[in-house]
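Since the structure comes first, as structure tokens, the remarks are kept for the end.
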Amino acid sequence: MMVTDVAHTNANVGLKTRRRRRPTWYNVVFSLMGIIWLIIAFYPVFYMLMTSLRSQQGYLLGIPWLPSLHPTFENYGTVVQAGFAHYFLNSLIVSVCSVALIIACSLLCAYVVVRSRNRIVRIIFDVFLVGLALPIQAAIIPIYVLITKMGLYDTLLGLILPSVAFGLPLTLLILVNFVRDIPNELYESMGLEGASDFRLLRHLVIPLALPALISVSIYDFVQAWNNFLFPLVLTQSDSSRVMPMAIVSFQGQYTMNVPVTMAAVLLSALPLILAYIFGRRYLLRGMLAGFGK
Amino acid sequence: MGSGMNWQRWLMIVPAVVFFAVFALFPMLMAVYYSGLTWNGIGSAKWVGLLNWGNVFHDGEALHAIVLTVEVMVLSWVFQTPISLLLGVFLAGRQKHRAVLGVFYFVPLLFSSVAIGVTWSYMLNPNFGLVDALLKSLHIGNGNQNWLGNTHLALLVVSMIIAWQFIPFHSLLYQGGVKQIPDSLYEAATIDGASVWSSFFSITLPQLKYTIITSSVLILTGSLTYFDLIYVLTDGGPGNATTVLAMDMYKQAFVNQNIGLGSVLAVILAVAGVLLSILTLRFTGFNRMESQLEGM
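Protein chains in written order, with the UniProt record's numbering: chain Z, 1 to 293; chain W, 1 to 296.
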């Protein structure tokens, strides 16, 4: 960590001096491309925001690419009245429970994978690695049958259980890589004092692996929050509806009322928008979890 | 304590193993079994062996879905890789305005595929959509192009929206990759009088080799799983112009209630996923991907 930080500072200085020396045509072209991409990437999001602040009348008659002169928050009221607080809570329950279970199971498992040389444990870990490759779509038909037979169709628990199973492989892989980096001497010195596995986990592994735990929790939260296939196949009624499903059924209901639907879309991304505003680095790092470290 | 296995340790791995076995592995094996059944999911099932496998390829629909999936793969790679690479290089520079631009670049990552699909379907609407209104005011085209309703355009447009959604993610990967390149390489090149072009092609690109492979494999494996966005944007249509493999699987199993045919397609998806991932491990290995996040 320390070494790379120093290297980056040097790189930083190096880049700055180099750029200052030659502010040439390619810098101009590059910046221009950067601005064009800014418009392509951000303008649709800006469109969501300004449309959500229009009245239906204003949407049909106004200039679509400019913000309304008389912004209104009415659409957000409509969305809340349509039961979105309930759907939001459902999403929150499913996501938080899934993340908690994924992290707890993977952390315990990662500890054992790192600390023991047992052959069966090796094989189990290899099976999890194969699991990384399996698309959720490939298992959805039997999952539907299984959840129905368990009597969990159309319940939040029926969404949580398969989400945990499919969240495990990547989370486990990342945590194993992290726990592996903890020096063996630390385990040994605590082990000599007679510390149990659970004590080692609590006082050594969790504190040292905290950055990884946060990153991977964010990744799992985003996955659970935005998951659409499980709710589409495994739920039906209003009482177990989660945010992505709510948007789709809302769009069907208010086909022509674009401003209200845009307000619903923005509310559906609210936790991630807040996370981005307050902890941009953490969120981006979390979303890249597993593909970087 | 040592490194052996006591009952405590067996207990510690039980939850993960049970979850994974019951809700992932077992369903995957069941999919293979279901592919040999004639079953609507409710009534009694009948074992028919490989009949579904024959039927699924007989009418050409499955082949069509496979071809579309490969097309989406290729289009995704072609749209996403060059732009992500350039953006990553651009953002790895340290000027202040880049940091500000970067904040806005990654906002699309905050929205689910459903949210993105709904928004784009409104923006592309031929009657009241933003895109046609803009083109009309700029006097480009006739102003009422049916982007998603046109058989020849739909898959292209869907792939472009997919690119819009995922380019931010891949440019983050490249940004991390560029920051790992030792600055001394560029300094040496500058002293040798290398142009910006030649240092890009002889230093940046070769140094990003593993990032390019990682990102490409993620694009290819990801292409198998595009479902949410297509479901919202076109529902596989018009006709079956955007019915990729995952979409076809969903339709067969949950709309036509033909569990057997759907399962055949599910098994094909799983096999394709595993094959692509074996390639991942062969070419990259997870160890080589370490530490791309540092310096973000």
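Cβ coordinates follow ideal geometry from the N, Cα and C atoms, glycine included.
Quick check on this structure: which residue in the options has the alpha carbon closest to the alpha carbon of residue i?
i	options	result
W:F57	W:A45, W:L261, W:T81	W:L261
W:D132	Z:V96, Z:I63, Z:L200, Z:A100	Z:I63
Z:I141	W:R282, W:Q8, W:A270, W:N144	W:A270
W:L124	W:L110, W:G141, W:Q145, W:I212	W:Q145
W:S84	W:G129, W:I259, W:S215, W:G239	W:S215
W:M247	W:R98, W:P182, W:L155	W:L155
W:P238	W:L220, W:A99, W:W147, W:V72	W:W147
W:L224	W:G60, W:V74, W:G4	W:V74
W:N256	W:N40, W:W7, W:Q80, W:L51	W:N40
W:N6	Z:V233, Z:Y87, Z:V112	Z:V112
W:A272	W:V14, W:F111, W:V217	W:V217
W:W120	Z:V45, Z:V216, Z:L270	Z:V45
W:H170	W:T280, W:S263, W:I13, W:F79	W:F79
W:L110	Z:I273, Z:V179, Z:A289, Z:F291	Z:I273
Z:L213	Z:G290, Z:S268, Z:R199, Z:S239	Z:G290
Z:I143	W:I219, W:R282, W:I259	W:I259
Z:L234	Z:G83, Z:A139, Z:L66, Z:L270	Z:A139
Z:L284	Z:S215, Z:L266, Z:D181	Z:S215
Z:Y254	Z:I39, Z:T78, Z:L32	Z:T78
Z:M48	Z:A165, Z:L266, Z:S95	Z:L266
Z:N226	Z:L32, Z:M50, Z:V96	Z:V96
Z:I218	Z:E185, Z:D238, Z:P271	Z:P271
Z:I160	Z:D181, Z:S98, Z:L210	Z:S98
W:F254	Z:L232, Z:G252, Z:D238, Z:M287	Z:L232
W:N274	Z:L288, Z:V164, Z:I182, Z:F128	Residue identity check: residue 274 of chain W is Val in the sequence provided, not Asn. Of the candidates Z:L288, Z:V164, Z:I182, Z:F128, the one whose C-alpha sits nearest the C-alpha of W:V274 is Z:F128.
My understanding is that residue i touches residue j, with C-beta atoms under 8 Å, so please give their C-beta distance in whole angstroms.
i	j	result
Z:W37	W:Y105	7 Å
W:L229	W:I162	6 Å
W:A266	W:A31	5 Å
Z:P162	Z:F228	Not confirmed; about 13 Å, so no contact.
W:T221	W:L276	5 Å
Z:Q236	Z:G167	In fact, because the Cβ distance is near 23 Å, the residues do not count as touching under 8 Å.
Z:L200	Z:Y187	6 Å
W:T69	W:L245	5 Å
Z:S268	Z:D154	Actually they do not touch by this definition, with Cβ atoms about 21 Å apart.
Z:S91	Z:M243	4 Å
Z:A110	Z:V179	5 Å
W:G108	W:W164	It should be pointed out that residue 108 of chain W corresponds to Pro in this sequence rather than to Gly. Confirmed, Cβ separation roughly 6 Å.
W:Y226	W:V72	6 Å
W:S44	W:S263	Between W:S263 and W:S44 the Cβ distance is about 17 Å, and since that is not below 8 Å, they are no contact.
Z:L65	W:L135	A small correction: the amino acid at residue 65 of chain Z is Trp; Leu does not occupy that position in the sequence shown. Not really, about 11 Å apart at Cβ, beyond 8 Å.
Z:I93	Z:L156	6 Å
W:S76	W:S159	6 Å
W:T151	W:A241	5 Å
- Item | the stretch 217-234 of chain W in contact with the stretch 104-122 of chain Z per 3-pair CB rule at 8 Å | no
- Task: Mind checking the stretch 34-49 of chain Z against chain W and listing, in chain order, the residues whose C-beta falls within less than 8 Å of any C-beta there?
- Result: G34, I35, W37, L38, I40, A41, F42, P44, V45, Y47, M48
- Query: Does the stretch 51-71 of chain Z touch the stretch 256-275 of chain Z, meaning 3 or more C-beta pairs lie closer than 8 Å?
  - Reply: yes
- Item | Cβ-based contacts, 9 Å cut-off: residues of the stretch 212-234 of chain Z near chain W | S215, V222, W225, N226, N227, F228, L229, L232, V233
- Message: Closer than 8 Å between beta carbons: that is the criterion. Which residues of the stretch 127-148 of chain Z meet it against chain W?
- Response: V127, F128, V130, G131, L132, A133, L134, P135, I136, Q137, A138, A139, I140, I141, P142, I143, Y144, V145, L146
- Task: Report yes or no: do the stretch 123-137 of chain Z and the stretch 11-29 of chain W share at least 3 C-beta pairs separated by less than 8 Å?
- Result: yes
- Query: Counting Cβ pairs, one atom from each stretch, are 3 or more of them under 8 Å apart for the stretch 168-181 of chain Z and the stretch 12-21 of chain W?
  - Reply: yes
- Item | Segment contact, 8 Å Cβ cut-off, at least three pairs: the stretch 105-115 of chain W with the stretch 243-255 of chain Z | yes
- Query: Residues in the stretch 205-226 of chain W with C-beta within 8 Å of chain Z's C-beta atoms, listed in sequence order?
  - Reply: T214, L218, T221, L224, T225
- Which of the residues in the stretch 1-19 of chain W, read from start to end, lie with their CB under 7 Å from any CB of chain Z? M1, S3, G4, M5, Q8, R9, M12, I13, P15, A16, V17, F19
- Using a Cβ-Cβ cut-off of less than 8 Å, list which residues of the stretch 57-72 of chain W approach chain Z; keep chain order. none
- Message: Using a Cβ distance threshold of 8 Å, determine whether the stretch 78-97 of chain W contacts the stretch 168-187 of chain W, with at least three qualifying pairs required.
- Response: yes
- Should the stretch 260-270 of chain Z be regarded as contacting the stretch 194-208 of chain Z, the criterion being three or more beta carbon pairs within less than 8 Å? no
- Query: Quick check: the stretch 197-213 of chain W against the stretch 117-124 of chain Z, are there 3 or more CB pairs under 8 Å?
  - Reply: no
- Quick one: which residues of the stretch 257-269 of chain Z get their C-beta closer than 9 Å to a C-beta of chain W? List them in chain order. V258, T261, M262, A264, V265, L266, S268, A269
- Query: Per the contact definition of three or more C-beta pairs closer than 8 Å, is the stretch 144-158 of chain Z in contact with the stretch 200-210 of chain Z?
  - Reply: no
- Ignoring anything shorter than 4 residues or poking outside the stretch 199-260 of chain W, list the alpha helix (DSSP H) runs there in chain order. 209-223, 228-233, 245-250
- Message: Output needed in chain order: residues of the stretch 149-165 of chain Z with a Cβ under 8 Å from some Cβ in chain W.
- Response: L161, P162, V164, A165
- Message: Using a Cβ-Cβ cutoff of 9 Å, what residues of the stretch 55-77 of chain Z are near chain B? List them in chain order.
- Response: Included in the structure are the protein chains Z and W, with no chain B among them.
- Okay, do the stretch 270-280 of chain Z and the stretch 68-84 of chain Z touch, 3+ Cβ pairs below 8 Å being the bar? no
- Message: Ignoring anything shorter than 4 residues, give me the alpha helix (DSSP H) runs that lie fully in the stretch 20-105 of chain Z, in order along the chain.
- Response: 25-52, 56-61, 74-79
- Where the stretch 233-246 of chain W meets chain Z: residues whose CB sits under 9 Å from a CB there: L245, A246
- Message: Against chain W, which members of the stretch 194-209 of chain Z pass a CB distance test of less than 9 Å?
- Response: G194, A195, S196, D197, F198, L200, L201
- Chain-ordered residues of the stretch 82-101 of chain W with a beta carbon less than 9 Å from chain Z: I83, L86, L87, V89, F90, L91, A92, G93, R94, Q95, H97, R98, L101
- Could you give the uninterrupted runs of the alpha helix (DSSP H) lying entirely in the stretch 246-292 of chain Z, keeping only those of 4 residues or more? 258-268, 270-278, 280-287
- Item | Contact set between the stretch 21-46 of chain W and chain Z, restricted to residues whose Cβ is under 9 Å from the partner | A21, V22, F23, A24, L25, F26, P27, M28, L29, M30, A31, Y33, Y34, G41
- Give, in chain order, every unbroken run of the alpha helix (DSSP H) that is at least 4 residues long and sits entirely within the stretch 137-225 of chain Z. 140-149, 156-180, 184-192, 197-200
- Anything in the stretch 124-137 of chain W with a Cβ closer than 9 Å to a Cβ of chain Z? List those residues in chain order, please. N125, F128, G129, L130, A133, L134, S137
- Query: Taking any Cβ of chain W, which residues in the stretch 100-112 of chain Z have a Cβ under 8 Å from it, in chain order?
  - Reply: L101, A104, C105, S106, L108, C109, Y111, V112
- Item | Contained alpha helix (DSSP H) runs [length at least 4] in the stretch 44-118 of chain W, N- to C-terminal order | 51-58, 61-92, 96-105
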